[in-house]
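Each residue of the sequence shown is one higher than the last, beginning at 120 in the working numbering.
Each residue gets a CB set at the ideal place from its N, CA and C atoms; glycine is no exception.
Keep in mind it's a predicted model, so treat the numbers as computed, not measured.
Each remark here refers to the structure printed beneath this line.
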Amino acid sequence: MCRQRGFSLLEMLVVLLVVVVIVSLASLNTGSGAEERRLAEEVRFLADIAAYARDEAAFSGRDFGLLVGEELRGGERVTVLRFRERRLPGEREAMPGDEDAADGPLWERPRGDAELFEPLVFPASLDIELAIEGVPVALDRGGHRQEAATGGVPQVIFYASGEATPGTLVFRQAATGDFLWELRWDLLGRSEITDDPLGAGDA
């Protein structure tokens, strides 16, 4: 009578190792997919807020803009996008030590819909490239300090006349350089996302 041979300890360890590797890969892929979808939703939200700023500029008779820059947060360089509203002479909110507060039209955070116009922060895992009318634009790296020095002049402007600065924002994986999405807008401020995994189309 033949006796059945059981699994050796080595065989069981090999099987266990294979199971651990498979589970780890599955968890990694699931986490990566969830993060990519979350970022895709942020890009879509950015397009929606840009469309709202375009409409608000036309309704209010005031220019709105989008200021794109980089900041160092928690030891990582992140990309921060801020919406701005143009102030007319005498309307600018005074800052301590600012003697030229009433000189010329300047840009500040929109006074209405404060929660809607909160800054959007994209992580260091994304590389974001800005181009205006096909010309690449280097992003400022000074954060609030640079913004204060330049008056926070946006690179993208949605004019009260209904026109806008045409351009693109390209989002890539920082680690690989792989293309993810492109948000582009035309002379009338109409935006579209290329390779939008949410399938939302134009804004």
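Residue burial classification, residue i (beta-carbon count within 10 angstroms, cutoff 16)
i: ASP314; result: exposed
i: SER310; result: buried
i: PRO229; result: buried
i: ASN148; result: Low confidence applies here, because ASN148 scores a pLDDT of 48, under 50, leaving its location unreliable; read the following figure in that light. So ASN148 ends up on the exposed side.
i: THR198; result: buried
i: VAL187; result: buried
i: LEU302; result: buried
i: PHE183; result: buried
i: PRO273; result: buried
i: GLY152; result: exposed
i: ASP259; result: buried
i: ALA233; result: exposed
i: GLU175; result: buried
i: PHE202; result: buried
i: GLU160; result: exposed
i: GLY308; result: buried
N-terminal and C-terminal residue of the beta strand (DSSP E) that residue i is part of
i: LEU235; result: Segment: none, LEU235 is in no beta strand (DSSP E) and carries neither H nor E.
i: THR287; result: 286-292
i: VAL272; result: Note, VAL272: premise wrong, no beta strand (DSSP E); not H, not E.
i: ALA279; result: That residue, ALA279, is in no beta strand (DSSP E); it is neither H nor E in DSSP.
i: ASP246; result: 245-251
i: GLU227; result: 225-227
i: ARG196; result: 195-206
i: GLU190; result: 183-192
i: GLU301; result: 298-304
Distance cut-off 7 Å: residue i Cβ against heavy atoms of the ligand MG
i: ALA177; result: Absence of the ligand MG from the depicted structure is noted, as is the absence of any ligand whatsoever, leaving it without description.
Integer Cβ distance of residue i from residue j, believed to fall under 8 Å
i: GLY180; j: ALA279; result: 5 Å
i: GLU248; j: VAL289; result: 4 Å
i: ALA283; j: ARG173; result: 6 Å
Closest by C-alpha distance to residue i, when choosing among the options
i: ILE168; options: LEU135, ALA250, PRO238; result: PRO238
i: ASP246; options: THR295, GLU204, ARG163, PHE164; result: THR295
i: LEU299; options: PHE236, ARG196, ILE312; result: ILE312
i: SER244; options: LEU136, LEU135, GLU154; result: GLU154
i: LEU185; options: ALA170, ARG196, LEU135, GLY231; result: ALA170
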